[in-house]
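Residue numbers (the numbering used here): 1 to 303.
Worksheet for the structure shown next.
Below is the structure:
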C-alpha cells in the first residue's frame, strides 16, 4: 500500500519538513476528536442562545438601541419564554434554570479555550521537533478546529459579559418567582469576586489568539476562516472527507475513524463536565432556597 510520495523540488515546506506519505493520527483528526469539538460547539451555541432568551425577555419598555434586537426579542424571545413558563413547575424554577444554564455556558467556554490551546500547542511542538513530524493536513485540521472553537467562544462571551458587568440595556427586567432584586453594589461585589477567574480567562484568550495567529502565519493563510457556524462545520468535515478519499489508496488513513484510542475517548468524556457543573449549580441553588425557607430553623431542621 506504500508508494513514493515525493513531490517536485519546487514545492516549499516549513523548516526541515520532509515530504512523506501522511500517517494516520486519530488523536488530531480522529472521528472522536472531530465529534467532540462539533458537539461542544453546538451545545455552546444552543445554551448561549437559550440563556440570552431568558435574560432578554420581558424588558420594559420594549424599545432597544438596535431595532433588530427588539424585533428578535418580540418575535422569538418573549413567545418562547412565554411558552416555557406556561408550566408552573418551570416558571417557579426559572431563577435556578437561569443560573444553571449560565454555569453550563461558562464551563463550555472554558473547555473551548483549554482544548484549543492544548491542540495548538501540540501541533506547534510537533512542527519544531526534528524527531517528530506533522502532516500539512493534520496541521490545517488543528488550525481549523481552533478557529472554529474560538469563534464559538466569542458567542459565549456575550453571556459572560452580561452576567458579569450587566448590559447596555438598562430597562426593567422580568423577575422570576423567588428572585431577589439585584442592586448595583451587589453586582459590583460579584465582579470583584470574579477578578481571579476573569484574569485567567483573559490570559487564556490572549494565548489562544497568539497561537492561532502563529499557526496562520506558518500555514500562509491570507484570510481567516469564516466565522459562520454552518460553514465552519461544513469545511471541517469536507476537508477530512476529501483527504481520506485522496490518500486511502496510499496509506491506511481509515484508522482515523477508529474511536477506541485514548486520545479520542478523552474529548468525548470531557463533554460530560458542563452537565456536571450545571447540575452542581442547580443543586446548590436548591439547597440555598431550602435553607432560606420559612420552615427551616438555625439548627438545619424543618419544623
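Glycine is no exception: its CB is placed at the ideal position from the N, C-alpha and C atoms.
Mapping the DSSP letters down to three states, classify residue 93 as helix, strand or coil. coil
Using a 10 Å radius around the Cβ and a threshold of 16 neighbouring Cβ atoms, would you call residue 153 buried or exposed? buried
Starting from the C-beta of residue 163, find all residues in its chain whose C-beta is less than 6 Å away, skip the five residues before and the five after it, and write them out in chain order. 102
Just the Cα atoms here: how many angstroms apart are residue 124 and residue 29? 16 Å
Does the segment 34-51 touch the segment 89-106, meaning 3 or more C-beta pairs lie closer than 8 Å? yes
Can you list, in chain order, the residues of its chain whose CB lies under 7 Å from that of residue 271, leaving out five sequence neighbours each side? 36, 39, 40
Nearest to residue 304 (by Cα), restricted to the options 211, 83, 86, 241: With the chain covering 1 to 303 only, the question about residue 304 has no answer from this structure.
Quick check on residue 30: does DSSP put it in helix, strand or coil? coil
Let me know the secondary structure DSSP gives residue 271 once reduced to three states. coil
Please work out which residues of its chain come closer than 8 Å, Cβ to Cβ, to residue 111, disregarding the five sequence neighbours upstream and downstream, and give them in chain order. 40, 270, 273, 274
Between the C-alpha atoms of residue 204 and residue 118, what's the straight-line distance to the nearest angstrom? 11 Å
CB contact flag (residue 109, residue 44, <8 Å): yes
Straight-line CA distance for residue 84 to residue 280? 23 Å
Which of helix, strand or coil does DSSP assign to residue 48? helix
Give me the Cα-Cα distance between residue 71 and residue 91, rounded to the nearest whole angstrom. 24 Å
Helix, strand or coil: how does DSSP classify residue 85 here? coil
What is the rounded straight-line gap between the Cα of residue 80 and the Cα of residue 52? 12 Å
Option in 93, 138, 55, 86 with minimal Cα separation from residue 240: 138
Would you kindly work out how many angstroms separate the C-alpha atoms of residue 159 and residue 76, rounded to a whole number? 17 Å
DSSP-derived helix/strand/coil call for residue 135: coil
Using a threshold of 8 Å, state whether the C-beta atoms of residue 216 and residue 140 are closer than that. no
Compute the distance between the beta-carbons of residue 56 and residue 73, then report whether it is under 8 Å. yes
Through-space distance from residue 206 to residue 199, alpha-carbon basis: 11 Å
What residue range is occupied by the uninterrupted alpha helix (DSSP H) comprising residue 67? 67-72
Give every residue of the same chain whose Cβ lies closer than 8 Å to the Cβ of residue 121, excluding the five residues on either side of it in the sequence, and list them in chain order. 211
Reference residue 214, options 127, 97, 42, closest by Cα: 127
Leaving out five residues before and five after residue 268 in sequence, what residues of the same chain have Cβ atoms less than 6 Å from its Cβ? 32, 36
So, is residue 97 buried or exposed, given that buried needs 16 or more other C-beta atoms within 10 angstroms? buried
Among residues of its own chain, excluding the 5 on either side of residue 134, which ones have a beta-carbon nearer than 7 Å to its beta-carbon? 123, 126, 127
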